[in-house]
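Notes follow once the structure below has been shown.
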Amino acid sequence: MRTSKGDVVIIFSLVLLAVLVVYPLGSLILRAFLSEGEVSLDNFSKVLSTRENFIALWHSLFVSIISTILATFLGTVLAWIVARTDIPFRKKIKTGLMMPFLIPPFIAAIAWLQLIGPAGYINSIYMTVKETWNPLFVIYGKWAVILVMTVSGYPFVYLTTLGGLERMNPSLEEAGQISGAGTFRVMKDITLPMMAPTIGAGAILVFVSRIANFGIPAVMGMPDNYYVLTTKIYRLIDQSFVIPDAQAIATAMSMFLMIIAACGLLFVKFYLRGKEYTVISGKDVQPKLVKLGKWRYLLFAFAFLVILVIVVLPVIAILLTALTRAWGLPPTLDNWTLENFRYVLFDLDMSRRAIRNSIFLALSASTITTLMGAIISYVVVRGKMKSRQLIDFLASIPYSIPGTVFALGMIIAWNRAFWGRLNIYNTIWIILFAYIARYLAYSVRTVGSSLRQVDVSLEEAAWVSGSGWLQSFKDIVLPLIKSGLFASWFLVFMPTLRELTISVLLWSTGNETIGVAVYNLQEGGDVTSSAALAIIMIIVIFAGNYLIKKITRGEYGY
Amino acid sequence: MAGVVLENIKKNFDGFTAVNNFTLEIKDGEFVTLLGPSGCGKTTTLRMIAGFIEPTEGSVSIGERIVSNPAGHIFVPPEERNIGMVFQTYAVWPHMNILDNVAYPLKIKKIARRNRYKKAEQVLELVQLGGMGKRYPHQLSGGQQQRVALARALIMDPHVMLLDEPLSNLDAKLREQMRFEIKELQKRTGVTIIYVTHDQAEAMAMSDRIVVMNRGEIQQIGKTEEIYEKPANKFVADFIGLINFIPCRVSRDRRSLFIRGAGNVEIEYPVPEELGDDVLLSVRPEDIDLQEYSRKNLVGTVTRVTYFGNIVDYLIRAGDVPIRVQLKEKEFTEGDRVSVIFDCKKFLFY
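Residue numbers (my numbering), protein chains in the order written: chain A, 3 to 560; chain B, 42 to 391.
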């Protein structure tokens, strides 16, 4: 980076981040400490002293902690099975177990509701077979939330642990074995203790993502009056015309949410990451697989069952619903129809708008963030001045805090007209702004990592050859980070297409997203249309994932 | 302590033969090195002795006990072989302190805490790490970590110690120092050592015997001098040290050689019958002398001179034949015409 042009880039980045990140978050924090025009802690005491608000905080912690424990156990066991045992179809199982990552949590929740809810398929089948009106079980409210949070959350632990086990130098385990320890003793004394920080980091990622999740408690909890922080904030904003102080309380509540999430992430960043054992691996020795003998099929059956229950069954449930004429009819062949798909794609204005909006948002957000990400990561990777750490930090905030909190900040910041008439509130632009800010971290990270692989001497060689900074950026850097730019574009495109948490707070009539449409249809009782739209979304996501995996040769995608 | 016997070992990996026809008897207390280029099967062989790999055919015995014999359905897992092993990457466990690392094999043997720590202190003393027990691996240098790995391998009084390129991650100076330390340690403890390396200097500095391997097969087994002075074949001659290969034709009376690429210059040398009419004369650079230009001898031009301090390396071109020569002094410069004089006693033929 050289003098004046570099400064221009830095100032440009800082201004962008100030508008997109600092302004909404600053407004949010300011609002939380303002009560009747004065700085105070009143809003916080209202959260802690009002029973229903306090209970939401307690519920958030409860479901997140329980589901984190369960997901960590499940993720660790599955990672060990895939990385260290000789089960049949290891590669297929490995990929299959990552699939829950592709299904948006709120769609997973809707699917599970149709599978195990009071009127779900399992209960209907049971009641039909037994000719009774009493369901086999009623899972609703907190246990349903915990169940879906667990099954959609374990991949965080599964992926980090799997990566750790695969990168681990096999000599460390062999040294244990040659010292006289048998397979399970090596696991207990060496593998597990060495993996503990990695598993811990994965567990905290699960916890943070669970406490920030909106879709699952919205679908599974709210109908049962079981509120957590995210859904309570949503409800307060939804009713801010009815409840006095609603916005102020929601803001204070979002502070709690943000602080809990931030503590978790800081703990990972500064404590666990430092503890993770980086082990030099010498020769390329394959990690030794535990020969399971006859246990091999049992563990295979277990892993297969997990995929069946966690991925296949819910998708089948939602597909059956989408194909059925009306919710409640048995999903038999004579009740099958494509009418629901036709309805959401061609008849219903709301869903047609939502599809158009989501495609517009995803295309523009991914293109803009990738361009910005390229500029910002260039400053971060190549820059020498102190401002680069500030820029890196600012760019990573919106993704680190819960989406609900960030969306609330956007509302408070932009809920007014600027210069008399510029008002983006209640337009699609506020959603676009929020998306750009939130997913900027993705492209900064992705482009940054490919930029780090371009040695600075390659650029210096261009400068020595007489090319200017802009020219060498265009001729040398851009072609070399092309795959990183592509990956960044896709990594933003996919989640923005399926986004719910932010848009559910920022949407207005005419500016719905697909996520909002699926959610509203479900809430409004049009379960079959909701399911049809969800299936369309799942198909697009799986196709997109397949595409990116093929094009990047497995570097990105699952 | 014990010897190790490998009989007709063969190892196939998915149709690829990594080790073939490998027979070797290692005596109790001997230091044997498996030497060869990467992919020659030396590490595979070592890992078959350790028990991490099961041979396809053949048998491995440690002491009196057969530990691997697929034909007889015998396979003793690594943890029951009582072997010490030192890995290329040290494999010192980062979550345990030095003392716990070293004492671990005794912990498995359920030796009381006090006794095993006492023994661990003693072994650490032996590898010159006395008093370092409370530290953690990341506080140690690469060389110190390697000593921890040695101590951990020694503490169980192993039947045999296996060392898999233990020095290749250390810098050059430390590597040389550790060679002598490992040799010294072996003399003091009398443990049988099987050592794997691709570095011939390492092999020569420590070994009682060297096993040269290539493409999964033994090329030669012998003491250091035998390997260097009487290489069994062209591969060994080429792999160990530097050597010139000069294609020659044998005269009809078999009393002299003609160097083909250099205008059929004649060298007087009685060639044995069994060698045939075309031979590959092999001679090491230090067995050649250079003298002032004289018409009677093989004549060449100095094309490169490299000064190494203790020796001077010359590249001579005689006709089409390049010849490496190493002398003590720098006597000639590039472009000089010189006579090339061979020490005929050191000739080898392939």
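C-beta: ideal position from N, C-alpha, C; glycine also.
How would you label residue i, buried or exposed, when you count the other beta carbons within 10 angstroms and need 16 or more for buried?
i: A/A20; result: exposed
i: A/R4; result: Because A/R4 sits at a pLDDT of 48, beneath the cut-off of 50, its placement in the model cannot be relied upon, and the point is left open.
i: B/A242; result: exposed
i: B/C289; result: buried
i: A/W491; result: buried
i: B/R404; result: Nothing in the structure corresponds to residue 404 of chain B, since chain B is present only between 42 and 391.
i: A/W509; result: buried
i: B/H114; result: exposed
i: A/R423; result: exposed
i: B/A1; result: Only positions 42 to 391 of chain B appear in the structure, and residue 1 of chain B is not among them; the question remains open.
i: B/C81; result: buried
i: B/F373; result: buried
i: A/S154; result: buried
i: A/D286; result: With a pLDDT of only 48 at A/D286, under the threshold of 50, the placement of this residue in the model should not be trusted; the figure read from the coordinates follows. Label assigned to A/D286: exposed.
i: B/N49; result: exposed
i: A/D351; result: exposed
i: A/I282; result: With a pLDDT of 44 at A/I282, under the threshold of 50, the modelled position of this residue cannot be trusted; read the value that follows with caution. Classification for A/I282: exposed.
Tell me, please, which residues DSSP counts as bridged to residue i.
i: B/N110; result: B/I115
i: B/G125; result: B/M202
i: A/Q179; result: Answer is none; A/Q179 lacks a bridge partner.
i: B/E48; result: B/S100
i: A/E40; result: A/S37
i: B/C289; result: B/I300, B/V320
i: B/Q261; result: B/V253
i: B/D330; result: B/I382
i: A/A107; result: One point to set straight first is that residue 107 of chain A is Pro, not Ala, in the sequence displayed. Answer by DSSP bridge pairing: none, since A/P107 is not bridged.
i: A/W338; result: A/T326
i: B/L65; result: B/L47
i: B/A359; result: B/V362
i: B/R354; result: A quick correction: the sequence has Asp, not Arg, at residue 354 of chain B. Bridge partners of B/D354: B/T347, B/Q367.
i: A/G556; result: According to DSSP, which records beta bridges pairwise, A/G556 is partnered with nothing at all.
i: B/V340; result: B/S380
i: B/F57; result: B/F54
i: B/I308; result: B/L298
i: B/T74; result: B/Y236, B/I251
For residue i, would you say it is in contact with chain C, using Cβ-to-Cβ distances shorter than 8 Å as the test?
i: B/I124; result: Considering every chain present, this structure includes no chain C. Its protein chains are A and B.
Check whether the stretch 169-183 of chain A touches the stretch 120-134 of chain B, counting contact only when three or more Cβ pairs, one atom from each stretch, lie closer than 8 Å. yes
Residues in the stretch 109-120 of chain B with C-beta within 8 Å of chain A's C-beta atoms, listed in sequence order? If the cut-off is 8 Å between Cβ atoms, the stretch 109-120 of chain B has P118, P119, E120 near chain A.
Where in the stretch 195-257 of chain B do unbroken runs of the beta strand (DSSP E), each at least 3 residues long, occur, reported from the N-terminal end onward? 201-205, 233-238, 250-255
If the cut-off is 7 Å on Cβ atoms, which residues from the stretch 126-150 of chain B count as contacting chain A, listed in chain order? M126, F128, Q129, T130, A132, W134, P135, H136, Y145, P146, I149, K150
Residues, ordered as in the chain, of the stretch 160-178 of chain A that lie near chain B by beta-carbon distance below 8 Å: Here the close residues are N171, S173, L174, E176, A177, G178.
Kindly confirm or deny that the stretch 61-81 of chain A and the stretch 158-165 of chain A touch, where touching means at least three C-beta pairs closer than 8 Å. yes
Report the residues of the stretch 196-209 of chain A with a CB closer than 7 Å to any CB of chain B, ordered along the chain. M196
Meets three-Cβ-pair contact criterion under 8 Å: the stretch 408-422 of chain A and the stretch 503-513 of chain A: yes
When the Cβ atoms of the stretch 297-305 of chain B are set against those of the stretch 359-366 of chain B, are three or more pairs found closer than 8 Å? yes
Any contact of the stretch 531-540 of chain A with the stretch 228-237 of chain A, i.e. 3+ C-beta pairs under 8 Å? no
What are the complete alpha helix (DSSP H) segments, minimum 4 residues, inside the stretch 388-457 of chain A? 389-402, 405-416, 430-454
Do the stretch 58-74 of chain A and the stretch 208-220 of chain A make contact, defined as three or more Cβ pairs closer than 8 Å? yes
Using Cβ-Cβ distances below 9 Å, what residues of the stretch 180-195 of chain B are close to chain A? A190, R193, A194
Residues of the stretch 178-189 of chain A with Cβ closer than 8 Å to any Cβ of chain B, in chain order: G178, Q179, I180, S181, G182, A183, G184, R187
Listed in chain order, which residues of the stretch 87-100 of chain B have Cβ atoms closer than 7 Å to some Cβ of chain A? Listed in sequence order: A91, F93.
Quick one, which residues of the stretch 529-560 of chain A are near chain B if we go by CB-CB under 8 Å, in chain order? Residues: none.
Is the stretch 195-203 of chain A in contact with the stretch 123-143 of chain B, if contact means three or more CB pairs nearer than 8 Å? yes
Looking at C-beta atoms only, is the number of pairs between the stretch 92-102 of chain A and the stretch 269-278 of chain A that lie closer than 8 Å three or more? no
Entirely within the stretch 124-166 of chain A and at least 4 residues each: give me those alpha helix (DSSP H) ranges in chain order. Fully enclosed alpha helix (DSSP H) runs of 4 or longer: not present.
Indicate whether the contact test is met: 3 or more Cβ pairs, each with one atom in the stretch 218-233 of chain B and one in the stretch 196-205 of chain B, closer than 8 Å. These segments touch.
Output, in sequence order along the chain, the residues in the stretch 290-310 of chain A whose CB is closer than 9 Å to any CB in chain B. K290
Entirely within the stretch 242-309 of chain A and at least 3 residues each: give me those beta strand (DSSP E) ranges in chain order. none
Beta carbons nearer than 7 Å to chain B: which residues of the stretch 430-446 of chain A have them? In summary, no residue of the stretch 430-446 of chain A has a CB separated from any CB of chain B by less than 7 Å.
Taking 8 Å as the threshold, find out whether the stretch 540-557 of chain A comes into contact with the stretch 395-404 of chain A through three or more Cβ pairs. no
Can you confirm whether the stretch 545-560 of chain A touches the stretch 133-145 of chain A when touching is taken to mean that 3 or more C-beta pairs between the two stretches lie within less than 8 Å? no
Below 8 Å, can you find three or more Cβ-Cβ pairs linking the stretch 81-97 of chain B to the stretch 52-68 of chain B? yes
If you pair each beta-carbon of the stretch 224-231 of chain A with each one of the stretch 196-211 of chain A, do three or more pairs fall below 8 Å? no
Three-pair Cβ contact test at 8 Å for the stretch 368-388 of chain B versus the stretch 321-340 of chain B: yes
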